[in-house]
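Encoded as structure tokens, the structure appears first; notes follow it.
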């Protein structure tokens, strides 16, 4: 089964998500931005979600994580939890 590792951050608005994406694209560290802004418990690990397979996360995550290029910030991705930025760090 395919496995991926990824990190993400979660905020309540699309505007805030887009603002944080621009900060990261301008050179801010993804992990530090996640620690400072994400409402997900993973924020304490810089947004690191560890390793997971298809179907273990919500559908919108799977679509990005198992198709997006590695090490590129994706999003905003809307789920029932809010708006996410995702970065796929590996896939095997």
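Residue numbers (UniProt numbering): 1 to 92.
No residue lacks a Cβ here, since even glycine has one placed at the ideal position from N, Cα and C.
Small disclaimer: the values here were computed from a predicted structure and weren't measured.
Next on the checklist: Quick check: the Cα distance between residue 22 and residue 75, rounded to an integer number of angstroms?
Outcome noted: For the purposes of this step, residue 22 is taken as residue 22 along the chain shown, with counting starting at 1. For the purposes of this step, residue 75 is taken as residue 75 along the chain shown, with counting starting at 1. Residue 22 and residue 75 have their C-alpha atoms roughly 11 Å apart.
Checklist entry - Curious, which full-length alpha helix (DSSP H) runs of at least 4 residues does the region 39-81 contain? => result Runs of the alpha helix (DSSP H) lying entirely within the region 39-81, each at least 4 residues long, are 59-65 in chain order.
Checklist entry - What separation, rounded to the nearest whole angstrom, lies between the Cα atoms of residue 2 and residue 90? => result As a first step, residue 2 must be located in the chain shown, where it is residue number 2. As a first step, residue 90 must be located in the chain shown, where it is residue number 90. Approximately 11 Å, taken between the alpha carbons.
Checklist entry - What's the C-alpha gap between residue 43 and residue 81? => result Reading the chain shown from its first residue, position 43 is the one you call residue 43. Reading the chain shown from its first residue, position 81 is the one you call residue 81. Roughly 15 Å separates the two Cα atoms.
Checklist entry - Given residue 60, which residues of its chain have a CB within under 6 Å of its CB, disregarding the five upstream and five downstream residues? => result Residue 60 sits at position 60 when you count from the first residue of the chain shown. These residues qualify, in order along the chain: 77 and 79.
Item to check | Buried/exposed call for residue 56, threshold 16 Cβ in 10 Å | outcome: For the purposes of this step, residue 56 is taken as residue 56 along the chain shown, with counting starting at 1. Looking at its Cβ environment, which holds fewer than 16 other Cβ atoms inside 10 Å, residue 56 is exposed.
Next on the checklist: Quick check on the burial criterion: 16 or more other C-beta atoms within 10 angstroms. Buried or exposed for residue 19?
Outcome noted: Position 19 of the chain shown, counted from the start, is the residue given in the question as residue 19. Exposed is the call here.
Checklist entry - Taking the continuous beta strand (DSSP E) assigned at residue 11, which residues delimit it? => result If you number the chain shown from 1, residue 11 lands on position 11. Unbroken beta strand (DSSP E) run through residue 11: 4-11.
Next on the checklist: For residue 5 and residue 15, what's the separation of their Cα atoms in angstroms?
Outcome noted: The residue you call residue 5 lines up with position 5 of the chain shown. The residue you call residue 15 lines up with position 15 of the chain shown. Whole-angstrom Cα-Cα distance: 26 Å.
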